[in-house]
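Student: Quick one: structure below, then a few questions.
Number of protein chains: 2
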Amino acid sequence: MKVCIIGCTGHAYYTINGLKTRGSGELAGIAPGSPGETIGPLARLAANSGHNPIEYGDYREMLDREKPDIAVVACHFGDHAKVAAEALHLGCHVFVEKPAATTFADLERLKEAYARSGKRLSAMLAYRYIPAFEAAKAAVDRGAIGRIRLLQAQKSYRLNERGAPYRSRVTYGGTIPWVGSHAIDWLYWFSRERFASVYAAHSSEHNRGHGELELTAQCLFVMTGDVFGTVSIDYLRPDGASAASDDRLRIVGTKGTIEIGPRGVLADFGDGEGERPLPLAPRRDMFAEFMDHIANPEAPYSISAEDSFYVTEACLRARQAADDRVLIPF
Amino acid sequence: MKVCIIGCTGHAYYTINGLKTRGSGELAGIAPGSPGETIGPLARLAANSGHNPIEYGDYREMLDREKPDIAVVACHFGDHAKVAAEALHLGCHVFVEKPAATTFADLERLKEAYARSGKRLSAMLAYRYIPAFEAAKAAVDRGAIGRIRLLQAQKSYRLNERGAPYRSRVTYGGTIPWVGSHAIDWLYWFSRERFASVYAAHSSEHNRGHGELELTAQCLFVMTGDVFGTVSIDYLRPDGASAASDDRLRIVGTKGTIEIGPRGVLADFGDGEGERPLPLAPRRDMFAEFMDHIANPEAPYSISAEDSFYVTEACLRARQAADDRVLIPF
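Heads up: the protein sequence lines correspond to chains A and B, in order. For the first sequence, the residue numbers in full-length UniProt numbering are 1 to 330. For the second sequence, the residue numbers in full-length UniProt numbering are 1 to 330.
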């Protein structure tokens with residue numbers, strides 16, 4: 001299976017890891033996806049992992065010549081949709097960094113390109129492949145906490161010093177789509193409800209010179225069945241903090257609760273036994289499974305194109321709610 | 001100092017504890033405050049603590065005869081405002097269960113009664129006297145985490161089997177005012193900002209036959225200075241859970257974070273030392289300090305009448321947002 005990577009702003013390394021995990025597949029080419037994007041770090045990462053991809057200056061030329069099975073899109077976030085649509089048009093399956101689009105118009109164009117293509121697409125909703133989250137998901141799906149009524153999600157990042165693409169809405173897309181998309185996906189993936197409305201707020205105050213980057217954001221989603229979910233996002237994790245990200249999720253059901261956070265995965269199944277750690281799920285590799293799924297559509301894969309688009313839409317509606325400070329229906 | 005207690009639906013025992021802590025003050029009388037309210041448990045608690053209050057059938061008669069310095073109001077929540085206003089009118093200082101009112105009209109009448117009375121009033125915003133919260137407050141106030149940008153608050157209770165007063169909006173007032181008032185107070189007390197708007201949702205689905213009682217609720221408050229706060233409330237804490245309440249607060253500032261929860265009080269001051277436990281503040285007794293403050297207005301007391309009213313208003317606006325599913329400005 002032939003793979004090309006476009007851009008190295010997002011998590012292009014998922015691809016390298018997946019190729020290594022599967023021990024098959026060829027990284028044929030790499031190219032920048034956005035104006036001014038340098039792919040030196042990606043070239044080094046590829047070389048260190050035993051790959052020898054051709055470096056192209058133009059990703060269209062690369063796709064045209066290499067005709068890869070899979071195009072990985074990880075350029076500036078504002079270019080995800082356009083590049084992914086072109087890759088679909090050129091006959092590639094697409095593995096694209098989240099959010100899949102940063103404007104409603106781009107999302108519509110991407111969905112149309114996908115519908116016309118007959119190809120497969122997945123956004124990098126990587127938490128669906130993180131053992132703690134998979135373990136929680138399995139417990140929820142087997143009904144261990146009853147019916148979900150409430151979710152509380154948190155993403156907290158260190159700000160560090162972020163480059164120019166993060167500082168402009170056009171290239172960055174906003175903190176709710178970039179950081180929040182995972183948390184918004186949790187609400188949807190765990191509850192299996194649809195989004196009904198969202199109110200949100202965000203602010204770029206105190207962002208230490210990072211232009212339009214929103215340092216803080218909070219969202220309240222009402223979902224079908226009167227299920228509610230909050231998402232709290234910040235870039236205020238102290239620099240000395242032990243891990244880069246402080247991800248938390250509390251899922252409250254009619255029978256019990258599950259939470260993921262600094263104490264691991266803890267479940268109370270309402271059976272009188274109290275809180276207990278939930279064993280982690282075995283580690284599965286997202287990109288390796290995507291390759292398997294391309295090779296054999298019967299092979300399981302956890303992130304559908306429909307979910308990729310729907311979560312993107314939810315991010316954009318939340319961002320709109322925060323921009324305009326209005327309640328947005330779905 | 002002479003004290004009378006009206007009702008025993010709320011936390012009337014704060015009063016008994018306070019009298020014991022201070023070792024002075026007399027519990028002169030007790031009476032029900034709402035139709036059908038029984039005060040047997042309160043009479044037993046008083047007797048067990050060495051008090052011998054006269055039991056009245058009518059609290060107005062009690063206040064008229066006993067002329068207490070302080071009337072404690074802890075009847076059905078929907079009657080708080082009316083009874084508190086009468087007590088002020090009859091010349092008592094008032095220590096009232098939160099929320100101080102369950103309708104906007106009642107809140108206005110209570111504020112007017114307070115303004116006319118020249119007496120003092122405090123709602124039982126008891127977390128301002130809980131050592132973990134006091135420790136966090138002191139750290140925030142000395143600037144240890146910089147400027148607050150974001151707060152996430154949680155109240156999670158066991159439902160158990162709750163009596164009739166909890167099952168009707170008229171007597172209960174709603175879960176956002178009853179359970180949420182503490183969390184809403186945290187946003188205000190810690191941030192020292194004003195509320196600008198609130199969106200909220202609540203639902204009585206799956207409430208195991210508890211009538212109108214909302215089992216779940218979430219609120220998103222935008223405050224002045226673009227400070228944001230979520231409040232998540234549920235009655236879904238499993239029956240076997242180790243403590244009745246699972247209270248959590250995460251406060252995110254420009255320099256660091258403080259959180260209160262199952263791991264205690266943890267602070268990261270952004271000094272490179274990472275997360276550390278914050279020593280608890282010495283325990284102070286809320287009602288004892290209220291008595292001290294009545295005796296001497298110069299004596300410190302943490303809950304002003306203005307704060308009691310403002311937090312009540314915030315609760316009612318959040319409940320309105322949830323009832324109507326609209327964004328409510330302040």
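Beta carbons: idealized from backbone N, C-alpha and C, even for Gly. If you're wondering where the values come from, they're calculated on a predicted model, not measured in any experiment.
Relative to the C-alpha of B:A321, which candidate in B:K255, B:H210, B:S203 and B:H93 has its C-alpha closest?
Tutor: Nearest option by C-alpha distance: B:S203.
Student: Output yes or no for whether 8 Å exceeds the beta carbon distance between residue 357 of chain A and A:H182.
Tutor: Here chain A comprises residues numbered 1 to 330, so residue 357 of chain A is not present and cannot be evaluated.
Student: From the DSSP output, in three-state form, read off A:T312 for me.
Tutor: Three-state DSSP puts A:T312 in a helix.
Student: Please report the straight-line C-alpha distance between B:A153 and B:A123, rounded to a whole angstrom.
Tutor: C-alpha separation (whole angstroms): 20 Å.
Student: Report buried or exposed for A:G253, applying the criterion of at least 16 other Cβ atoms within 10 angstroms of its Cβ.
Tutor: Under this definition A:G253 is a buried residue.
Student: Between the C-alpha atoms of A:I54 and B:L187, what's the straight-line distance to the nearest angstrom?
Tutor: Each residue's alpha carbon lies about 55 Å from the other.
Student: A:F228 touches chain B at which residues, Cβ-Cβ below 7 Å?
Tutor: Those within 7 Å of A:F228 in chain B are A201, T216 and Q218.
Student: Just checking: is the beta-carbon of B:T175 within a distance shorter than 8 Å of some beta-carbon in chain A?
Tutor: So, not an interface residue.
Student: Take B:V3 as the anchor and find which of B:P68, B:G274 and B:V326 has the nearest alpha-carbon.
Tutor: Closest option to B:V3, Cα to Cα, is B:P68.
Student: With B:F221 as the anchor, note down where its alpha helix (DSSP H) starts and where it stops.
Tutor: Careful: B:F221 lies outside any alpha helix (DSSP H), inside the beta strand (DSSP E) at T216 to M223.
Student: Kindly provide the ranges of any alpha helix (DSSP H) runs that are 4 or more residues long and lie completely inside the region 3-38 of chain A, ordered along the chain.
Tutor: Within the region 3-38 of chain A, the complete alpha helix (DSSP H) runs of at least 4 residues are 13-22.
Student: Please list, in chain order, the residues of the region 181-207 of chain B that have any C-beta partner in chain A closer than 7 Å.
Tutor: Correct list: Y199, A201, S203, E205 and H206.
Student: If you measure from the beta carbon of B:T254 to each beta carbon in chain A, is any gap under 8 Å?
Tutor: So, interface residue.
Student: Does any residue of chain B bring its CB to less than 8 Å from the CB of A:E273?
Tutor: Judged by the 8 Å Cβ criterion, A:E273 is in contact with chain B.
Student: Going by the beta-carbon positions, is the gap between B:S242 and B:G211 smaller than 8 Å?
Tutor: No; because the gap between Cβ atoms is not below 8 Å, this pair is not in contact.
Student: Compare the C-beta of A:S242 with all C-beta atoms of chain D and state if any pair is closer than 8 Å.
Tutor: Chain labels in this structure do not include chain D; the protein chains are A and B.
Student: Look at the alpha carbon of B:Q218 and the alpha carbon of B:T230, and state the distance between them as a whole number of angstroms.
Tutor: The alpha-carbon atoms of B:Q218 and B:T230 are separated by roughly 7 Å.
Student: How would you list, in chain order, the residues of chain A whose beta-carbon sits under 8 Å from the beta-carbon of B:Q154?
Tutor: The contacting residues are Q152 and R250.
Student: Using a Cβ-Cβ cut-off of less than 8 Å, give me the residues of the region 87-101 of chain A that come near chain B, in sequence order.
Tutor: If the cut-off is 8 Å between Cβ atoms, the region 87-101 of chain A has nothing near chain B.
Student: At the 8 Å Cβ level, is B:V265 part of the contact set with chain A, yes or no?
Tutor: No, B:V265 lies away from the interface with chain A (no Cβ there is under 8 Å from its Cβ).
Student: Which class does A:S117 belong to by DSSP, given the choice of helix, strand or coil?
Tutor: If DSSP states are grouped into helix, strand and coil, A:S117 belongs with the helices.
Student: Among B:G78, B:A267, B:Y56 and B:R194, which has the Cα closest to the Cα of B:V227?
Tutor: Per the Cα distances, B:R194.
Student: Considering only residues of the same chain and omitting the five flanking positions on each side of A:L327, which have a CB-CB separation below 8 Å?
Tutor: Only S197, V198, Y199 and A321 meet the Cβ criterion.
Student: When you compare only the Cα positions, how much space is there between B:A84 and B:A105?
Tutor: Each residue's Cα considered, the two are about 14 Å apart.
Student: Does A:D268 come out as helix, strand or coil in the three-state DSSP assignment?
Tutor: A:D268 falls in the strand class under three-state DSSP.
Student: Does chain A have any CB closer than 8 Å to the CB of B:S308?
Tutor: B:S308 does not count as touching chain A.
Student: Could you check which residue in A:R149, A:E289 and A:I184 has the C-alpha nearest to that of A:G225?
Tutor: Ranking the options by Cα distance to A:G225, first place goes to A:R149.
Student: So, is the C-beta of B:V222 closer than 8 Å to a C-beta in chain A?
Tutor: So yes, B:V222 belongs to the interface.
Student: What in chain B is Cβ-close to A:V179, meaning under 8 Å?
Tutor: Result: empty, since nearest Cβ-Cβ is about 13 Å, beyond 8 Å.
Student: Give the straight-line distance between the Cα atoms of A:Y56 and B:R142, rounded to the nearest whole angstrom.
Tutor: Their backbone Cα atoms lie some 55 Å apart in a straight line.
Student: Using the beta-carbon count (16 or more within 10 Å), is B:E112 buried or exposed?
Tutor: Looking at its Cβ environment, which holds fewer than 16 other Cβ atoms inside 10 Å, B:E112 is exposed.
Student: For the beta strand (DSSP E) containing B:S197, name the first residue and the last one.
Tutor: Looking at the DSSP string, the run of the beta strand (DSSP E) that includes B:S197 is F195 to S203.
Student: Using a Cβ-Cβ distance under 8 Å, would A:V140 count as near chain B?
Tutor: No, A:V140 does not count as interfacial toward chain B.
Student: Could you say which of A:S302, A:F77, A:I145 and A:E298 lies nearest to A:T175 if we only look at CA atoms?
Tutor: Residue A:F77 is the option with its Cα nearest to A:T175.
Student: Give a yes or no on whether 8 Å exceeds the smallest Cβ distance from B:G57 to chain A.
Tutor: No, its Cβ sits nowhere closer than 8 Å to a Cβ of chain A.
Student: Any contact of the region 16-35 of chain B with the region 130-137 of chain A, i.e. 3+ C-beta pairs under 8 Å?
Tutor: Short answer: they don't touch.
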